[in-house]
Amino acid sequence: MPRPRPPHLHRQVTRHGKTVWYVRFGKGPRVRIRAEFGTPEFGAEYQAAITGAARPRQAKGEAVGTLEWLIARHHETTAWTALSGATRRQRENIFLHVIDAAGAKPFAKITPEVIMAGRERRASTPAQARNFLDAMRGLFRWATEAKLVKQDPTVGVRNPPRKASEGSSHGPKSMWPAISGAGL
Numbered sequence: 000m001p002r003p004r005p006p007h008l009h010r011q012v013t014r015h016g017k018t019v020w021y022v023r024f025g026k027g028p029r030v031r032i033r034a035e036f037g038t039p040e041f042g043a044e045y046q047a048a049i050t051g052a053a054r055p056r057q058a059k060g061e062a063v064g065t066l067e068w069l070i071a072r073h074h075e076t077t078a079w080t081a082l083s084g085a086t087r088r089q090r091e092n093i094f095l096h097v098i099d100a101a102g103a104k105p106f107a108k109i110t111p112e113v114i115m116a117g118r119e120r121r122a123s124t125p126a127q128a129r130n131f132l133d134a135m136r137g138l139f140r141w142a143t144e145a146k147l148v149k150q151d152p153t154v155g156v157r158n159p160p161r162k163a164s165e166g167s168s169h170g171p172k173s174m175w176p177a178i179s180g181a182g183l
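Each residue of the sequence shown is one higher than the one before, counting from 0 in numbering that gives the first Met the number 0.
1) Beta-carbon separation of Arg129 and Asn158 under 9 angstroms?
2) Report yes if the C-beta distance between Leu147 and Gly102 is below 9 angstroms; otherwise report no.
3) Following a CB-centred definition, is Leu8 positioned closer than 8 angstroms to any heavy atom of the ligand MG?
4) Are the beta-carbon atoms of Val30 and Ala48 separated by less than 9 angstroms?
5) Here's a check: name, in chain order, each residue in its chain whose Cβ is nearer than 7 angstroms to the Cβ of Arg118, leaving out the five neighbours to either side.
6) Just verifying my parser: in three-state terms, what is the DSSP assignment at Arg140?
7) Using the three-state DSSP reduction, which class does Pro39 fall into: helix, strand or coil?
8) Does His9 come out as helix, strand or coil in the three-state DSSP assignment?
9) Report the option in Pro6, Ile109 and Pro1 whose CA atom is closest to the CA atom of Gly25.
Here it is in structure tokens:
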């Protein structure tokens, strides 16, 4: 006979076929469990969600001088807190992907070529590439002002061109028959 799930634990399959787990009391808010089901980390996150405690952090710490360390210091500044909530959420997501890709690398080794390579990886979606550049520009402008880097590697890196929309905008010539009543 299968073992029953712990209380208040709910399973959901996303539209992408991924199984996600939540803890939910009655009709209250859901708390997502990010660890893999059945692992000790899952048990720790489940217990934290049940007790209402903060989610346990992984034991990895960022080494001084790494890109992850620089991003963590940036999050402690007024340059970060002055951003709107939506901008912070967007940039936090971008920084999470940057940390996954290069968080352990020294930020002093970030060059314009590295920034351009990051932009090119996102070239299929120009808006995402622009948001990546905006996030990195904000980070390195702050780091330059704080004297953590000697030169801003984002200087001279251009934004990708916007995708051309299909069709054209309605100008006076295309709207004139509708305005004058000639098309009626």
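Note that beta-carbon positions come from the ideal geometry of N, C-alpha and C, so glycine has one too.
Inspection of the coordinates gives the following:
1) Working through the sequence shown from its first residue, we reach residue 129 at position 130. Working through the sequence shown from its first residue, we reach residue 158 at position 159. Taking 9 angstroms as the Cβ cut-off, Arg129 and Asn158 qualify as a contacting pair.
2) Residue numbering aside, residue 147 sits at position 148 when the sequence shown is read from its first letter. Residue numbering aside, residue 102 sits at position 103 when the sequence shown is read from its first letter. No, Cβ-Cβ distance for Leu147 and Gly102 is not below 9 angstroms.
3) Within the structure as shown, the ligand MG is missing, as the structure has no ligands at all.
4) Locating residue 30 in the sequence shown gives position 31, counting from the first residue. Locating residue 48 in the sequence shown gives position 49, counting from the first residue. Yes, the Cβ-Cβ distance between Val30 and Ala48 is below 9 angstroms.
5) As a working mapping, residue 118 is identified with position 119 in the sequence shown. Ala128, Phe131, Leu132, Val156 and Pro159.
6) By one-based count along the sequence shown, residue 140 stands at place 141. Of the three classes helix, strand and coil, the one that applies to Arg140 here is helix, per DSSP.
7) Within the sequence shown, numbered from 1, the residue matching residue 39 stands at position 40. Pro39 falls in the helix class under three-state DSSP.
8) Your numbering for residue 9 matches position 10 in the sequence shown. His9 falls in the strand class under three-state DSSP.
9) Your numbering for residue 25 matches position 26 in the sequence shown. If we check each option's Cα against that of Gly25, Pro6 comes out closest.
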